[in-house]
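Protein chains in written order, with numbering that gives the first Met the number 0: chain E, 0 to 246; chain Y, 0 to 246.
One structure below.
2 protein chains.
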Amino acid sequence: MASQHKAEHGRIEERSKREERADRILDAAAELMLRWGYNKTTIDDIARLAGVAKGTIYLHWKTREDLFTALMRREYNRLVKDFQRRIASDPDGGTLYGITKHSMLATMKSPLMKAMFLKDTDLLGEWMRKEYTSESFPQQVAQSLALIESVRSRGVVRDDIDAHRQVYMLDAITIGFLVIDQYMPDEFKYSDEEVVEMVTEAVKRVFAPPGPQPDEKTKQEVANTLISSLDNVLAIRNKIDQEEATS
Amino acid sequence: MASQHKAEHGRIEERSKREERADRILDAAAELMLRWGYNKTTIDDIARLAGVAKGTIYLHWKTREDLFTALMRREYNRLVKDFQRRIASDPDGGTLYGITKHSMLATMKSPLMKAMFLKDTDLLGEWMRKEYTSESFPQQVAQSLALIESVRSRGVVRDDIDAHRQVYMLDAITIGFLVIDQYMPDEFKYSDEEVVEMVTEAVKRVFAPPGPQPDEKTKQEVANTLISSLDNVLAIRNKIDQEEATS
DNA sequence: TTATGACCAGATAAGCAAATTCAGTCATCA
DNA sequence: TGATGACTGAATTTGCTTATCTGGTCATAA
């Protein structure tokens, strides 16, 4: 009994130690990827920065590509959780503009995810071509569509425009504010927060319904629906990950 | 008297023949540039397609770079004139959303200008790095700012936002709608006209002033100011061109 | 005088062998 | 049993030579 408990305890401790190490390796990978891009970040570099031997990395992931995929998944998980947290703690988290605001802030704070949404080849290099990206944006758009339909049905945004077009407009506006700083001269540099303020204002006005503001209860509902649907997305993804890991 | 007139007539005819040929050469350059991009479009190709000898091209422009700069200038002139024509014939030509609508339509119809605004390296290649682009966008932005200030002062758009931010927002939105189609999956493909309809709607809502619609006279004024300020821009540019040509 | 295209030199690409890099493995160690 | 890093072969890069291309000129022809 005692020994069994001890063994289990040991296993758990070991597991968490493993995970901690995996995290450290991913941290190193993230740092190097941001500095040098995918193509120029080698396993040796990562191992050195993480303070482990190269072989150790292969105790965690089968290939280099897998490692970076894991990194991006972790980044995505963090982004989504950050997003959920922001939504939950903002009274406007149940409005379209609130949602846009927090999704943009979360995206801006995560350079790797931003690179992925914007298909930044410099950073993602070869990884983009094979892995994630083909599914990534369409998936993002699908979620956009579900979101729009959810807020429309509750009268939180106007519904006198085709839903698909509304998604198109919303994505055009957010992408626009994500890329515009590359084009503007120096007199027009704004902080992330200022930019987000501007998108929020724009989204608020473009999608505001003709009637009165949504009441608190509706906003709560929308926020909750969104948060739990994101829980779902994460759960499904993690399930797929596990199945892939076991197979 | 008669012979003098004849000579003059001859000179004019000759001049216009020259210009016609220059135009033909630029047409060829435009076609090839769109197909192969700047880097892979050779003077020989252009000469062959235009049906002239290579040396003839150097009777018109000192260098290859000059030729493409002339092409872009012609394209810009055409865009501006197209834009002016559209503005003049639209009753909403004196509103910010009308202006946006027509500037976007004009831009979309001119792939080379679109490439320039978006800094499309694939198309513009080396030309971009040396020539136009450094001045191009800032100049565009400066015009944006002048435009915003002009419409603001006449109450055509709201003035409860900092003018610089308004420019930033307007440019973010237009750029967004110009690039978004690269990101959207196939179910979300819209024609230029449909896209412009959406931008117009967005701009209308984001920048609408709180008060009543501007009256016809104000719109006329704004449209006229804009058109003549564009005349000015063109005049200045052409003057610079001539000075460069003579020096 | 105007237009041409053969011609030139410098730049760019193609070809190729040697050197280096790097993802992934595995015998060895603790 | 978990971690290591020397090792391997495939892939990429480097260095260099040769071949091709192409912007720009200019003697010649119309």
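Ideal Cβ positions, reconstructed from N, Cα and C, are used throughout, including at glycine.
Note that the structure is a prediction, hence the values are computed from the model and not measured.
Hey, out of the options, whose CA is closest to residue i's CA?
| i | options | result |
| --- | --- | --- |
| Tyr189(E) | Gly210(Y), Ala87(Y), Ala171(Y), Gly124(Y) | Ala171(Y) |
| Ile56(E) | Leu122(E), Gln138(E), Arg20(E) | Arg20(E) |
| Met115(Y) | Leu78(Y), Gly92(Y), Asp89(Y), Arg151(Y) | Leu78(Y) |
| Thr224(Y) | Ser135(Y), Leu70(Y), Gly92(Y), Met71(Y) | Gly92(Y) |
| Gly260(Y) | Asp214(Y), Ile226(Y), Leu144(Y), Glu64(Y) | Any property of residue 260(Y) remains undetermined from this structure, which presents chain Y solely from 0 to 246. |
| Ile98(E) | Ile24(E), Ser143(E), Gly175(E), Leu117(E) | Ser143(E) |
| Met183(E) | Asp214(Y), Ala105(Y), Glu134(Y), Lys238(Y) | Glu134(Y) |
| Val155(E) | Arg72(E), Lys203(E), Lys53(E), Leu177(E) | Lys203(E) |
| Ile226(E) | Ser88(E), Asp121(E), Thr41(E) | Ser88(E) |
| Tyr37(Y) | Arg128(Y), Val178(Y), Asp185(Y), Glu186(Y) | Arg128(Y) |
| Glu196(Y) | Ser228(Y), Lys100(Y), Leu117(Y), Pro209(Y) | Lys100(Y) |
For residue i versus residue j, is the C-beta spacing smaller than 8 Å?
| i | j | result |
| --- | --- | --- |
| Glu74(E) | Met112(E) | yes |
| Val221(E) | Arg151(E) | no |
| Ile174(Y) | Gly175(E) | yes |
| Val205(Y) | Val205(E) | yes |
Applying the 10 Å Cβ sphere with the 16-neighbour rule, what's the burial state of residue i?
| i | result |
| --- | --- |
| Ser15(Y) | exposed |
| Lys216(Y) | exposed |
| Ser2(Y) | Only weak support exists for where Ser2(Y) lies, its pLDDT of 37 falling under 50; the value from the coordinates is given anyway. Counting Cβ neighbours within 10 Å, Ser2(Y) comes out exposed, since fewer than 16 surround it. |
| Gln83(Y) | buried |
| Pro213(E) | buried |
| Ala234(E) | exposed |
In whole angstroms, what separates the C-alpha of residue i from that of residue j?
| i | j | result |
| --- | --- | --- |
| Lys61(Y) | Gln139(Y) | 27 Å |
| Asp191(E) | Arg85(E) | 15 Å |
| Ile160(E) | Met168(E) | 10 Å |
| Asp158(Y) | Ala207(E) | 20 Å |
| Pro211(E) | Tyr96(E) | 15 Å |
| Asp230(Y) | Val194(Y) | 28 Å |
| Val166(Y) | Gln219(Y) | 22 Å |
| Ile147(E) | His163(E) | 9 Å |
| Leu58(E) | Asp180(E) | 42 Å |
| Ala141(E) | Thr199(E) | 21 Å |
| Ser109(E) | Ala29(E) | 11 Å |
| Ala69(E) | Met32(E) | 13 Å |
| Ala105(Y) | Ala105(E) | 35 Å |
| Thr120(E) | Arg72(E) | 18 Å |
| Glu7(Y) | Lys53(Y) | Below a pLDDT of 50, predicted positions are generally treated as unreliable, and Glu7(Y), at 45, falls in that range; the measurement from the model is reported next regardless. C-alpha separation (whole angstroms): 29 Å. |
| Ser102(E) | Leu48(E) | 31 Å |
| Lys39(Y) | Trp35(E) | 30 Å |
| Ser246(Y) | Leu177(Y) | Any reading at Ser246(Y) needs caution, since the residue's pLDDT is 43, under 50, leaving its predicted position unreliable; the model's value is listed next. The alpha-carbon atoms of Ser246(Y) and Leu177(Y) are separated by roughly 38 Å. |
| Ser149(Y) | Asp185(E) | 22 Å |
| Phe187(Y) | Ala46(E) | 43 Å |
| Leu66(Y) | Leu25(Y) | 8 Å |
| Thr41(Y) | Ala27(Y) | 11 Å |
| Pro137(Y) | Trp126(Y) | 18 Å |
| Asp44(Y) | Lys238(Y) | 31 Å |
| Pro209(E) | Ser228(E) | 27 Å |
| Glu130(E) | Asn76(E) | 17 Å |
| Lys80(E) | Arg236(E) | 14 Å |
Examine the ligand NAD and report whether any of its heavy atoms sits within less than 7 Å of the Cβ of residue i.
| i | result |
| --- | --- |
| Asp119(E) | Here there are no bound small molecules, and the ligand NAD is not part of this structure. |
Between the region 169-185 of chain E and chain Y, which residues of the former have a C-beta closer than 7 Å to a C-beta of the latter? Asp170, Ala171, Ile172, Ile174, Gly175, Phe176, Val178, Ile179, Tyr182, Met183, Pro184
Just by C-beta distance, which residues in the region 201-220 of chain E are closer than 7 Å to chain Y? Ala201, Arg204, Val205
Taking only beta carbons into account, state which residues of the region 71-87 of chain E come closer than 9 Å to chain Y, listed in chain order. none
Residues from the region 94-124 of chain E in contact with chain Y, defined by Cβ distance under 7 Å: none
Short-range partners of chain Y found in the region 46-72 of chain E, where Cβ spacing is below 7 Å: none
Counting only Cβ-Cβ distances shorter than 8 Å, please list the residues of the region 25-46 of chain Y near chain E, keeping chain order. none
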